[in-house]
Amino acid sequence: MEKKSLKIKEVFTTEEEKTINWVEVQASFERSFGTEVYSSWLKNISLLKEFNDYIVLGVPTRFFRDWIVSRYLDKILEQVKTFKLSLNRIEFKISEDSKANSNEDLKSLDSTKITEIKDSILNYNRLNPNLNFDNFIKGSSNEIALASSKKICEQISRYNPLYIYGGVGLGKTHLLNAIGIELQEKNNVMFISAERFMYHFIKSIKKNDMVNFKDFFRKSSVFIIDDIQFIRGKEGLQEEFFHTFNSLIEKNSQIIISADRPPMKLDRVQERIKSRLSGGLIVDIDTPDLDLKTKIIKKRLQDAESQFKEKCNISDDVINFIAQESRTNIRELIGVLNRVIAFSRIHQKELNISDCKNILKDVFNQAKIITVDKIQNTVSNFFNLSLGEMLSQRRSRPLARPRQIAMYLAKKMTTRSLPEIGRRFANRDHTTVIHAVKTITRLSEKDEEMKKNINQIKYLLLEE
Ligand code: ADP
Ligand code: MG
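Going by the numbering used here, the first residue of the sequence shown is number 1, and it counts up by one from there.
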């Protein structure tokens, strides 16, 4: 890290506009893109030069640049903008061309040496070789989507379009990419996200180059478009998509589409498009069950072992724990696992479950939904009361305090309003809840016992 900031400094000695701390930007990339994308791509970007309204980033290869531009550019720009408001453009310099160049060259970098973001559509049609059928693991939640995807590859335009939908991080892009890889040898494959499609569409309008745009997309024999929900509410884009779609179908090109919901649930999308999208085969990917999650973890561990050429010290207990706790999606599951692997490598030890809980506290607790019911149960258990006693109208302190603590936690740990909380506590008035929150806030500041109890109850709520 230190090295990097030094390098940036050197490059910038003659610059006026340095406001960006690249190390911080990188950290924010890791947070917002996730460790995987970050370590495979974004980590390798360096900041070469900073101007008032644009920056020049260094990337190792042309492929690298194209990949980053096609998938992450908008988000990168948005992210760097939070560090430098005046920014509105990013340019790239490929360092393989400039390996021999010294810092002198970097200082006198002029626009002819900089590879500007190419608008060439070709740049965006990249498939990721790491997302293929071989490493897509079958489970009951994705079985049909996987089988349909493979079927398409055997027999083009049998189901047209193939429409795959499901929540985030469940493997849609992976499957689409796998289809592309499989078919690219014998077909003219176009793989693009709806967002990128939009980007080109707008660029082409601005450059008065719609003819090229239309030609380009319509000549593909396999057209794969990711995250089609993006066209919602964008009339012009829908219009263009509709025409592209029709002309592709007409010449028997295979179309594969992914979305976060079924076609008919795409609100603010023209009816004729929804009906077009529904005209082939619609399959969904569901959230993974325990079995699939476990398989994915085991496969990833194997991969890590062969990558690092050393055994990963992750026990079956820990595997089970991660599989069970990770509830949302496969992307998160992989992120969590990477963290555990990294931790065990750094500390050279076999982790137990409580280590894992510690490492992953922020991830798992975030996903946990704390309800008023849960708070009431946990608090009454903690004080050895029945729920009925705690909610009763009796005012003796051994009942009133726990009741107030429960109200206080309901206010702090849920999004319920004061009147709603009151209602859940045997129809009490919201002023009673306010009083409880004030009392417990005051007590927990000065009373050690109270502070300890509250922390313990919070811990129980988050740990259970
Ligand atoms: P989506 O496009 O649905 O948001 P992705 O295809 O990007 O999800 O998948 C998220 C991550 O999970 C990727 O790293 C992908 O490789 C991985 N993944 C998803 N499903 C599987 C699977 N069945 N087997 C292996 N990896 C998977
Ligand atoms: Mg995706």
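Even for Gly, the Cβ is constructed at its ideal location relative to N, Cα and C.
Could you pull the DSSP bridge partners for residue i from this structure?
i: G58; result: S46 and K93
i: I257; result: Y163 and I225
i: M407; result: In the DSSP output, where bridge partners are listed per residue, M407 has none listed.
i: I282; result: Y163
Excluding the 5 residues preceding and the 5 following residue i in the sequence, name in chain order all residues of the same chain whose CB lies nearer than 7 angstroms to its CB.
i: T439; result: Q404
i: N101; result: Residue placement at N101 is flagged as unreliable, the pLDDT there being 37, under the threshold of 50; a coordinate-derived value is accordingly withheld.
i: R218; result: T244, S247 and L248
i: K349; result: N313
i: E389; result: L399
i: R395; result: none
i: D447; result: none
i: I375; result: A406, L409, A410, M413 and L461
i: I256; result: I152, P161, L162, L176, I179 and I224
i: R261; result: Y165 and Q229
i: L443; result: M450
i: M264; result: K274 and S278
i: I285; result: S141, N142, A145, I164, G166, L170, G171 and K172
i: E305; result: K311 and C312
i: N187; result: S221 and V222
i: S111; result: Summary for S111: the model assigns pLDDT 35, below 50, so the residue's position carries little reliability, and this model does not support an answer.
Can you find the residues in the same chain that come closer than 6 angstroms, C-beta to C-beta, to residue i, ignoring five residues on each side of it along the sequence?
i: A259; result: Y165, I228 and Q229
i: Y159; result: G280 and L281
i: E156; result: Note that residue 156 corresponds to Ile in the displayed sequence, not to Glu. Hits under 6 angstroms: Q254.
i: Y38; result: F29 and E30
i: K113; result: For K113, the pLDDT reaches just 31, beneath the cut-off of 50, and the residue's location in the model is therefore unreliable, leaving the point undetermined.
i: R331; result: G169
i: R428; result: G422
i: V189; result: G180, L183 and V222
i: S40; result: none
i: T19; result: K84
i: F133; result: A178
i: S95; result: G58 and P60
i: F242; result: I273
i: K452; result: none
i: N252; result: S157
i: R268; result: R232 and G233
Roughly how far, in whole angstroms, is the beta-carbon of residue i from the beta-carbon of residue j, given that I think they are within contact range, below 8 angstroms?
i: L337; j: R300; result: 6 angstroms
i: K411; j: V437; result: 5 angstroms
i: G280; j: L162; result: 6 angstroms
i: L351; j: V379; result: Not a contact, Cβ separation roughly 32 angstroms.
i: V222; j: Q254; result: 5 angstroms
i: F201; j: E143; result: Actually they do not touch by this definition, with Cβ atoms about 35 angstroms apart.
i: T167; j: T287; result: With the sequence shown as reference, residue 167 is identified as Gly, and Thr is not the correct amino acid for it. Yes, they are in contact, since the Cβ atoms of G167 and T287 sit about 7 angstroms apart, within 8 angstroms.
i: D289; j: S141; result: 6 angstroms
i: P402; j: L385; result: 6 angstroms
i: P419; j: H435; result: No, P419 and H435 are not in contact; Cβ-Cβ is about 14 angstroms, not under 8 angstroms.
Residues in its own chain within less than 8 angstroms of residue i by CB, not counting five upstream and five downstream?
i: L57; result: I45, S46, L47, L48, I90, E91, F92 and K93
i: C356; result: V318, F321, I322 and V340
i: T432; result: M407, G422 and F425
i: H174; result: L131 and F136
i: I334; result: E36, I296 and R300
i: R416; result: V372, A410 and R424
i: S204; result: M210, N212 and F213
When you measure from the CB of residue i to every non-hydrogen atom of the ligand SAM, does any distance come out below 7 angstroms?
i: K172; result: Only the ligand ADP and the ligand MG can be found as ligands here, which leaves the ligand SAM out of the picture.
Does residue i have its Cβ less than 8 angstroms from a Cβ in chain B?
i: I282; result: The structure shown has no chain B; it contains just one protein chain.
- Item | Uninterrupted alpha helix (DSSP H) stretches inside the region 121 to 172 (no shorter than 4 residues) | Taking only runs of at least 4 residues, the alpha helix (DSSP H) segments lying wholly in the region 121 to 172 are 143 to 154.
- Task: Decide yes or no for the touch test of the region 311 to 323 against the region 142 to 159: beta carbon pairs closer than 8 angstroms, at least 3 of them.
- Result: No: the two stretches stay apart, fewer than three of their Cβ pairs being nearer than 8 angstroms.
- Query: Are the region 316 to 331 and the region 348 to 364 in contact at 8 angstroms, needing three or more beta carbon pairs?
  - Reply: Between the region 316 to 331 and the region 348 to 364, the count of Cβ pairs shorter than 8 angstroms is three or higher; the stretches touch.
- Task: Check whether the region 179 to 195 touches the region 230 to 238, taking contact to mean three or more Cβ pairs, one atom from each stretch, closer than 8 angstroms.
- Result: Short answer: they touch.
- Query: What runs of the alpha helix (DSSP H), each 4 residues or longer, lie entirely inside the region 178 to 257?
  - Reply: For the region 178 to 257, whole alpha helix (DSSP H) runs of length 4 or above, ordered along the chain, are 194 to 206, 210 to 218 and 235 to 250.
- Item | Given 8 angstroms, three or more beta-carbon pairs between the region 177 to 185 and the region 126 to 133 | Yes, the region 177 to 185 is in contact with the region 126 to 133.
- Task: Assess, as a yes-or-no matter, whether the region 69 to 86 is touched by the region 17 to 31 under the definition of 3 or more beta carbon pairs within less than 8 angstroms.
- Result: Judged by Cβ distances under 8 angstroms, the region 17 to 31 makes contact with the region 69 to 86, as three or more pairs qualify.
- Let me know the beta strand (DSSP E) ranges lying completely inside the region 275 to 351, each 3 residues or longer, listed in chain order. For the region 275 to 351, the full-length beta strand (DSSP E) segments reaching 3 residues or more read 281 to 284 along the chain.
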